[in-house]
Structure formats: structure tokens, C-alpha cells
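Residues 35 to 257 in this note's numbering are what the sequence shown spells out, letter by letter. Everything below concerns the one structure shown next.
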Amino acid sequence: MTDATAFEDAEFFRSLSEEGRSRAQRYVRARRFYPRRRLFSKGEPAEHLWVVERGNVRLFESSPKGQVTTLETLGPGQMFGMWSTAAEETYAASAEGVTEGRVWRLAKPEVHQLIEAQPDLAREMVQIISDRLRDAHERLHSFAYDSVPSRLARALLRAGDGRAAHVTRRVLAEASGTTVETAIRVMRRFEREGLVRSEVGSIHILDAVELAAIADGGRPSEK
35 MTDATAFEDA
45 EFFRSLSEEG
55 RSRAQRYVRA
65 RRFYPRRRLF
75 SKGEPAEHLW
85 VVERGNVRLF
95 ESSPKGQVTT
105 LETLGPGQMF
115 GMWSTAAEET
125 YAASAEGVTE
135 GRVWRLAKPE
145 VHQLIEAQPD
155 LAREMVQIIS
165 DRLRDAHERL
175 HSFAYDSVPS
185 RLARALLRAG
195 DGRAAHVTRR
205 VLAEASGTTV
215 ETAIRVMRRF
225 EREGLVRSEV
235 GSIHILDAVE
245 LAAIADGGRP
255 SEK
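Next comes the structure, spelled out in C-alpha cells:
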């Protein structure tokens with residue numbers, strides 16, 4: 035069963051007319067996901083648009099040498115796969131669960147039908163893509179110029195809901211462009227300072243205001 039409120043608040047679906055939303059609810063298929071289990075891999079045919087209903091999903095790339103880079107961590111209501119779905123393409127990155135959760139997926143022909151019936155949906159997709167590209171540019175700038183604590187604090191706040199980030203230190207390290215060892219050292223410092231509390235599979239945010247200050251470079255930090 036689709037959670038009507040969550041569905042109405044989700045990216046893409048929230049811009050649908052009442053009739054369009056009713057059609058979309060008939061079209062969507064729910065799928066459960068689990069930590070470190072893939073939803074799709076880079077290079078596979080892009081057959082669906084995806085929206086997170088609950089839990090967290092990450093988009094990532096792997097180099098030929100096995101180095102993994104987390105491109106984005108997504109939470110409830112966020113859409114992914116839209117770049118590839120907009121054209122006859124393959125997925126540009128891989129997706130896997132960070133936590134246990136559920137996604138909605140909408141087949142490409144049905145996405146096109148909804149857009150044909152309500153053309154302003156195309157503008158909504160362009161706006162979402164534009165926002166994601168801006169965020170990606172900011173992350174690249176951060177990798178080049180910001181300290182590791184600043185990048186980790188920002189990654190925590192992006193992945194969290196204000197109270198907890200359901201990510202591992204490995205995923206945080208990849209999202210911050212640093213090593214797992216460095217991420218562990220900085221996270222221990224955050225714990226000593228009372229900013230976070232770690233447990234298996236999640237990191238509780240105890241002081242979001244101070245983390246935001248670190249993310250913005252408002253405190254001296256180690257590189």
C-alpha cells in the first residue's frame with residue numbers, strides 16, 4: 035500500500051495534478067531494499083525513475099582499481115535515476131541501500147505518459163536536476179578547498195534528518211573524499227566534543243548547530 039501523504043510530498047509526484055497523482059499511484063511499484071544491496075548498477079538500461087519512500091539510498095561509482103566514490107546519499111521523498119530516464123540511456127551511476135527501506139519505481143514509458151498529460155512536470159524535473167547539479171558543484175568545491183572535518187560535518191548533515199544519519203563511517207568517508215581511517219579519527223573527535231553519538235549503522239546528531247558551524251568553516255579544524 036502506498037503512503038498517500040509521503041507520496042504527495044515526494045519529488046516529481048508532488049507536482050502532479052490530482053488526476054495525475056491518481057494515475058501515478060496505479061503505475062508505481064514498491065520495492066524493498068537492504069544495506070549494501072544494489073538497486074541497479076552503472077551501465078544497466080535505465081528503465082525506471084526511482085523515489086525513496088523510506089530509508090536511505092546512495093549513488094556511487096567504482097573505479098577500475100576498486101576505489102568507491104559516493105556521489106549522493108538520498109532520503110525519503112528524493113528522486114533518482116531521472117537523468118538517465120529522460121533519454122534512451124543507461125544508468126550513469128550505481129545505487130544501493132544504506133539502510134533497510136523501500137522505494138517506489140515508475141517505468142520510463144509511464145513517466146513519459148505523465149509528462150505528456152502534464153507538460154509542466156518537465157520543468158519540475160529540470161529544476162530538480164539543476165538543484166542536484168548545483169549541490170554536486172558545491173561538493174567538488176568542498177573537496178578541493180575545505181578541511182576534512184568540514185566535509186564530514188556537511189556529509190553528516192546532508193545524510194541526516196536533523197537527529198540521526200543512518201550511514202556508516204565508510205559511506206561518510208567516501209562522501210567526504212577522505213579515507214576511512216581519517217573519518218574514524220575525526221568522528222571520534224566529534225564524539226568527544228559531544229556533537230554526535232555513534233552506534234552500529236547510524237550516527238546520532240547531538241549538536242546540529244555546531245556541526246553546521248564546522249561545515250561552514252566557522253571553526254579551526256585539522257586538514
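Quick reminder that beta carbons are idealized off the backbone N, C-alpha and C, glycines included.
So, with DSSP's three-state summary, where would you put residue i?
i: residue 135; result: strand
i: residue 52; result: helix
i: residue 45; result: coil
i: residue 243; result: helix
i: residue 255; result: Low local confidence applies: a pLDDT of 44 at residue 255 is under 50, so the model's placement there is unreliable, and no value is given.
i: residue 143; result: helix
i: residue 208; result: helix
i: residue 58; result: helix
i: residue 75; result: coil
i: residue 127; result: coil
Looking at C-alpha atoms only, which residue of the options is the closest neighbour of residue i?
i: residue 243; options: 68, 224, 236 and 233; result: 224
i: residue 241; options: 234, 157, 226 and 235; result: 226
i: residue 85; options: 139, 93, 179 and 230; result: 139
i: residue 80; options: 111, 198, 91 and 127; result: 127
i: residue 219; options: 211, 228, 233 and 203; result: 203
i: residue 136; options: 116, 88, 251 and 74; result: 88
Please list the terminal residues of the continuous beta strand (DSSP E) segment that includes residue i.
i: residue 232; result: 230 to 233
i: residue 65; result: 63 to 67
i: residue 91; result: 91 to 96
i: residue 106; result: 102 to 108
i: residue 87; result: 82 to 88
Can you tell me where the alpha helix (DSSP H) holding residue i begins and where it ends?
i: residue 220; result: 214 to 226
i: residue 200; result: Per DSSP, residue 200 belongs to no alpha helix (DSSP H) and is neither H nor E.
i: residue 112; result: Segment: none, residue 112 is in no alpha helix (DSSP H) and carries neither H nor E.
i: residue 165; result: 154 to 179
To the nearest whole angstrom, what separates the beta carbons of residue i and residue j, a pair I think is in contact under 8 Å?
i: residue 239; j: residue 206; result: Their Cβ separation, rounded to whole angstroms, is 12 Å, which puts residue 239 and residue 206 out of contact at 8 Å.
i: residue 46; j: residue 158; result: 6 Å
i: residue 129; j: residue 72; result: 7 Å
i: residue 90; j: residue 133; result: 5 Å
Examine chain B for any beta-carbon lying closer than 7 Å to the beta-carbon of residue i, and answer yes or no.
i: residue 156; result: In the structure shown, chain B cannot be found, because there is only a single protein chain.
Q) Is there contact between the segment 160 to 179 and the segment 63 to 79, where contact requires at least three CB pairs shorter than 8 Å? A) The segment 160 to 179, when compared against the segment 63 to 79, does not touch it at the 8 Å Cβ threshold.
Q. Does the count of Cβ pairs from the segment 102 to 110 and the segment 148 to 159 closer than 8 Å reach three?
A. By the criterion of at least three beta-carbon pairs nearer than 8 Å, the segment 102 to 110 is not in contact with the segment 148 to 159.
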